[in-house]
Ligand SMILES: [Zn+2]
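Numbering (the numbering used here), first residue to last: 1 to 54.
Here you go:
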């Protein structure tokens, strides 16, 4: 309903993933996450989910 999302905010949530184990936010391209090239820097886990999903 006419809700404007600032470009900066949109970019913030784009390509941002959250570690399922420790909830650390990780910025990476979704392609890399899907292919399993990204792992959490904190716990080393590869279980990531998109941050947009609530
Ligand atoms: Zn983690």
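Ideal Cβ positions, reconstructed from N, Cα and C, are used throughout, including at glycine.
query: With respect to 7 Å, is the separation between the Cβ of residue 36 and the closest non-hydrogen atom of ligand 1 below this value?
result: no
Q: State buried or exposed for residue 7, treating a residue as buried only when at least 16 other CB atoms are found within 10 Å of its CB.
A: exposed
*Under a Cβ-count criterion, where at least 16 other Cβ atoms within 10 Å of its own Cβ denotes burial, should residue 38 be classed as buried or exposed?*
buried
Specify, as a first and last residue, the run of the alpha helix (DSSP H) that residue 42 falls within.
Careful: residue 42 lies outside any alpha helix (DSSP H) and carries neither H nor E.
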